[in-house]
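Enquirer: Just add 54 to the spot in the sequence shown (first one is 1) and you have our numbering. Even glycine gets a Cβ: it sits at the ideal position worked out from N, Cα and C.
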Amino acid sequence: MSRVGKMPVAIPQGVDVAIKDDQINVKGALGALALTQNALVTVKNDAGKLTFAPANDSREANAMSGTMRQLVNNMVTGVTKGFEKKLNLVGVGFKAQAQGAKLNLTVGYSHPVVLDMPAGIKVETPTPTEVVIKGSDRQRVGQIAAEVRAVRPPEPYKGKGIRYSDEKITIKETKKK
55 MSRVGKMPVA IPQGVDVAIK DDQINVKGAL GALALTQNAL VTVKNDAGKL
105 TFAPANDSRE ANAMSGTMRQ LVNNMVTGVT KGFEKKLNLV GVGFKAQAQG
155 AKLNLTVGYS HPVVLDMPAG IKVETPTPTE VVIKGSDRQR VGQIAAEVRA
205 VRPPEPYKGK GIRYSDEKIT IKETKKK
């Protein structure tokens, strides 16, 4: 059995988990999330702990039990603490500005780039060169951060562009005559 799938998910106080035959719903202080249940995994709620077991002895069921366990664990963490991604803008004149549910980026193009944030995602700019994306759904936070980074990915010669705060850019050496 999957080592990740063997570990139970502890449900903290203030979090409600509802398991139906086709869906798992998690509600907490920061919102509500839903996940479609897989037929290869059986989920049980045992006194505040969720356990995941493969429905049969196939490799797919074994692998899916670990996947489902981690997805539900991310949902529980998301509705209690939330997730965040930090981005840095590197370049002369590069700046970001959060205006409600919109992110206004000035990153070297002839026009400003305006990105709309979906519901459940908050964007903040503590400084003009920092962007913090927060939300309860880990996958959506990561996807939005990737879309913001794709506006101007870091280039390899000077390192200018939008990068994750923990991302290391290897600078290439220019061609010598």
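Is residue 206 helix, strand or coil by DSSP?
Expert: coil
Enquirer: Output the residue ranges of the beta strand (DSSP E) runs that lie fully inside the segment 161-192 and measure 3 residues or longer, sorted by chain position.
Expert: 167-170, 175-178 and 184-189
Enquirer: Is the segment 138-147 touching the segment 108-118, taking contact as three or more C-beta pairs under 8 angstroms?
Expert: Between the segment 138-147 and the segment 108-118, the count of Cβ pairs shorter than 8 angstroms is below three; the stretches do not touch.
Enquirer: Short check: CB of residue 189 to CB of residue 137, under 8 angstroms?
Expert: yes
Enquirer: Output yes or no for whether 8 angstroms exceeds the beta carbon distance between residue 202 and residue 169.
Expert: yes
Enquirer: Hey, how far is the Cα of residue 76 from the Cα of residue 101?
Expert: 21 angstroms
Enquirer: Contact between the segment 212-219 and the segment 144-160 is defined here as three or more beta-carbon pairs at a separation below 8 angstroms; is this criterion met?
Expert: The segment 212-219 makes contact with the segment 144-160: 3 or more CB pairs, one atom from each, lie closer than 8 angstroms.
Enquirer: Rounded to whole angstroms, what's the CA-CA distance from residue 150 to residue 184? Just pull it up for me.
Expert: 7 angstroms
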